[in-house]
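**Q** So the sequence lines, in the order shown, correspond to chains A and B. Going by the working numbering, the first residue of the first sequence is number 505, and it counts up by one from there. Going by the working numbering, the first residue of the second sequence is number 505, and it counts up by one from there. Backbone N, C-alpha and C define an ideal beta-carbon position, used for all residues, glycine too. The model shown is predicted, which means the values in this text are computed figures rather than measured ones. Let me give you the structure first, and then I'll get to my questions.
There are 2 protein chains.
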Amino acid sequence: MIQLQQRSSSPIYEQIVEQMKELVAKDIMKAGDKVPSVRELSSTLLINPNTVSKAYQELERQGVIQTIRGKGTFILEPSVPRMAAERIEALRQELQRLTVEAKHLGMTKAQFREMVDEASHMLGEGYHAAD
Amino acid sequence: MIQLQQRSSSPIYEQIVEQMKELVAKDIMKAGDKVPSVRELSSTLLINPNTVSKAYQELERQGVIQTIRGKGTFILEPSVPRMAAERIEALRQELQRLTVEAKHLGMTKAQFREMVDEASHMLGEGYHAAD
DNA sequence: TTAAGTGTATTATTTGATATAGTACACTTA
DNA sequence: TAAGTGTACTATATCAAATAATACACTTAA
Numbered sequence: 505m506i507q508l509q510q511r512s513s514s515p516i517y518e519q520i521v522e523q524m525k526e527l528v529a530k531d532i533m534k535a536g537d538k539v540p541s542v543r544e545l546s547s548t549l550l551i552n553p554n555t556v557s558k559a560y561q562e563l564e565r566q567g568v569i570q571t572i573r574g575k576g577t578f579i580l581e582p583s584v585p586r587m588a589a590e591r592i593e594a595l596r597q598e599l600q601r602l603t604v605e606a607k608h609l610g611m612t613k614a615q616f617r618e619m620v621d622e623a624s625h626m627l628g629e630g631y632h633a634a635d
Numbered sequence: 505m506i507q508l509q510q511r512s513s514s515p516i517y518e519q520i521v522e523q524m525k526e527l528v529a530k531d532i533m534k535a536g537d538k539v540p541s542v543r544e545l546s547s548t549l550l551i552n553p554n555t556v557s558k559a560y561q562e563l564e565r566q567g568v569i570q571t572i573r574g575k576g577t578f579i580l581e582p583s584v585p586r587m588a589a590e591r592i593e594a595l596r597q598e599l600q601r602l603t604v605e606a607k608h609l610g611m612t613k614a615q616f617r618e619m620v621d622e623a624s625h626m627l628g629e630g631y632h633a634a635d
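Now the structure itself:
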């Protein structure tokens, strides 16, 4: 379910956060689903339990999961995301950065738009989204 | 011209690389322009000359600038970008990640498209001086 | 030729985030 | 009670990033 790249420059706990959010965004994990326990996932991925715990704490901070002592950790209902303003601003800046990179790669606006559309299939908008 | 965030999680040399590329993408810096010398920029930003040198080496690796021993460092003509395949694939993956984040922020496809368009106004319409 | 200015290389050191290891605690469920 | 849950704590190791100091090779202008 989660695959790590040990040689990656991005830390393990961050890879877990990103991949878990991707599973939720793609509806592979849904609200109420139980995620693997800290000890289970750590033994599956051959990493330290503390590393998994750190990832889960970050996911809870972002409102993706909820942990209940003694019971486990579960996917939350989609609701008003936490720290929305900061995260939207961060999203803006990262899009700006990617645009700069696209420019240096010689891409046109149309080419960039097409790449964005390919990447953003998972975004909902019900009725006139041509898929 | 370049502003650093010392508390940022992204390293100083990377901030220099990104901002220099942004200046070029926005045509604030143009081909042939001389960039500040390693010692000048390091004293302006109050950082170590080695850090500036590392940033310049990365920019040269990406084909953005060219350094000439004893003379200085200059913005290159836009041409076929180096390591294009890898960089395009990296761009794809980052767009995928940003899409996941947009989904978690409750954005629709239309809202995301609009944010992309705002960020990508610097991209050309279908023609780019290159090759 | 000399002096100042260019980028670069080298070695040593410090700092902080990341990850691991081991242990312990509080809670829930069967 | 026993097993399973998340969490807290201390200690340690590793690595990238940044600094510091010095030296080298080259170019340009006085």
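(1) Under 8 Å, Cβ to Cβ, is there at least one residue of chain B near G536(A)?
(2) Cβ of Q600(B) less than 8 Å from any chain A Cβ?
(3) Are the C-beta atoms of R596(A) and some chain B residue less than 8 Å apart?
(4) Run through chain A and tell me which residues come within less than 7 Å of I592(B), C-beta to C-beta.
(5) Would you say E629(B) lies against chain A (beta-carbon separation less than 8 Å)?
(6) Applying a beta-carbon distance threshold of less than 8 Å, which residues of chain B neighbour V568(A)?
(7) Given a threshold of 16 other Cβ atoms within 10 Å of its Cβ, counted over all protein chains shown, does T548(A) qualify as buried or as exposed?
(8) Who are the near neighbours of I516(A) in its chain, counting only those whose CB is closer than 7 Å to its CB and skipping five residues on each side?
(9) Let me know the secondary structure DSSP gives Q597(A) once reduced to three states.
(10) Can you tell me which of the three DSSP states K530(A) falls into?
(11) Please report the straight-line C-alpha distance between A623(B) and K558(A), rounded to a whole angstrom.
(12) For I551(B), which residues does DSSP report across the bridge?
(13) Leaving out the 5 sequence neighbours to the left and right, which residues in its chain are closer than 7 Å to P553(A) when beta-carbon positions are compared?
(14) Got a sec? Which residues, its chain only, sit under 7 Å from L563(B) by beta carbon, not counting five neighbours each side?
(15) Rounded to whole angstroms, how far is the Cβ of M619(A) from the Cβ of R573(B), which I believe are closer than 8 Å?
(16) With DSSP as the reference, please indicate the residues paired to T571(A) in a beta bridge.
(17) Would you kindly check if the distance between the Cβ of R586(B) and the Cβ of Q566(B) is under 8 Å?
(18) Would you mind reading off the limits of the alpha helix (DSSP H) that contains A535(B)?
(19) Could you please tell me which residues of the segment 570-589 of chain A, in chain order, have their CB closer than 9 Å to any CB of chain B?
(20) Enumerate in chain order the residues of its own chain whose CB-to-CB distance from L599(A) is below 6 Å, with the five nearest sequence positions on each side excluded.
**A** Let's see:
(1) Walking along the first sequence from the start, residue 536(A) turns up at place 32. No, because no Cβ of chain B sits closer than 8 Å to the Cβ of G536(A).
(2) Looking up residue 600(B) in the second sequence gives position 96. Answer yes: the Cβ-Cβ gap between Q600(B) and chain A drops below 8 Å somewhere.
(3) The count along the first sequence starts at 1 and reaches residue 596(A) at position 92. Yes - at least one Cβ of chain B is within 8 Å of the one on R596(A).
(4) Numbered from its first residue, the second sequence carries residue 592(B) at position 88. Listed by position along chain A, the residues whose Cβ is nearer than 7 Å to that of I592(B) are L609.
(5) Numbered from 1 along the second sequence, position 125 holds the residue referred to as residue 629(B). With its beta carbon less than 8 Å from one in chain A, E629(B) belongs to the interface.
(6) Mapped onto the first sequence, residue 568(A) falls at position 64. By Cβ distance, chain B contributes H608.
(7) Reading the first sequence from its first residue, position 44 is the one you call residue 548(A). It is exposed - the Cβ of T548(A) has fewer than 16 other Cβ atoms within 10 Å.
(8) If you number the first sequence from 1, residue 516(A) lands on position 12. In its chain, beyond the 5 residues on either side, L508, I551, T555 have a beta carbon closer than 7 Å to the beta carbon of I516(A).
(9) Against the first sequence, residue 597(A) aligns to sequence position 93. DSSP, reduced to helix, strand and coil, places Q597(A) within a helical segment of the structure shown.
(10) Taking the first sequence and counting its residues from 1, the one referred to as residue 530(A) is at position 26. Correct three-state label for K530(A): coil.
(11) The count along the second sequence starts at 1 and reaches residue 623(B) at position 119. The count along the first sequence starts at 1 and reaches residue 558(A) at position 54. Their Cα atoms are separated by approximately 33 Å.
(12) For this step, residue 551(B) is matched to residue 47 along the second sequence. Beta-bridge pairing links I551(B) to no other residue.
(13) Looking up residue 553(A) in the first sequence gives position 49. Excluding sequence neighbours, P553(A) sits near V542, R543, S546.
(14) Taking the second sequence and counting its residues from 1, one reaches residue 563(B) at position 59. Cβ-Cβ distances below 7 Å link L563(B) to V521, M524, I569 in the same chain, with the five nearest sequence neighbours on each side left out; the list follows chain order.
(15) Residue 619(A) sits at position 115 when you count from the first residue of the first sequence. Residue 573(B) sits at position 69 when you count from the first residue of the second sequence. Approximately 39 Å separates the beta-carbon atoms of M619(A) and R573(B); this is outside 8 Å, ruling out the contact.
(16) Locating residue 571(A) in the first sequence gives position 67, where the first residue counts as 1. Answer by DSSP bridge pairing, in chain order: T577(A).
(17) Counting from 1 along the second sequence, the entry for residue 566(B) is found at position 62. Counting from 1 along the second sequence, the entry for residue 586(B) is found at position 82. In this structure, R586(B) lies closer than 8 Å to Q566(B) by Cβ.
(18) The residue labelled residue 535(B) in the question sits at position 31 within the second sequence. Annotation for A535(B): no alpha helix (DSSP H) segment contains it, and DSSP assigns it neither H nor E.
(19) Residues of the segment 570-589 of chain A that bring their beta carbon within less than 9 Å of a beta carbon in chain B comprise P582, S583, V584, P585, A588, in sequence order.
(20) Counting from one through the first sequence, the residue named residue 599(A) turns up at place 95. So no residue of the chain qualifies.
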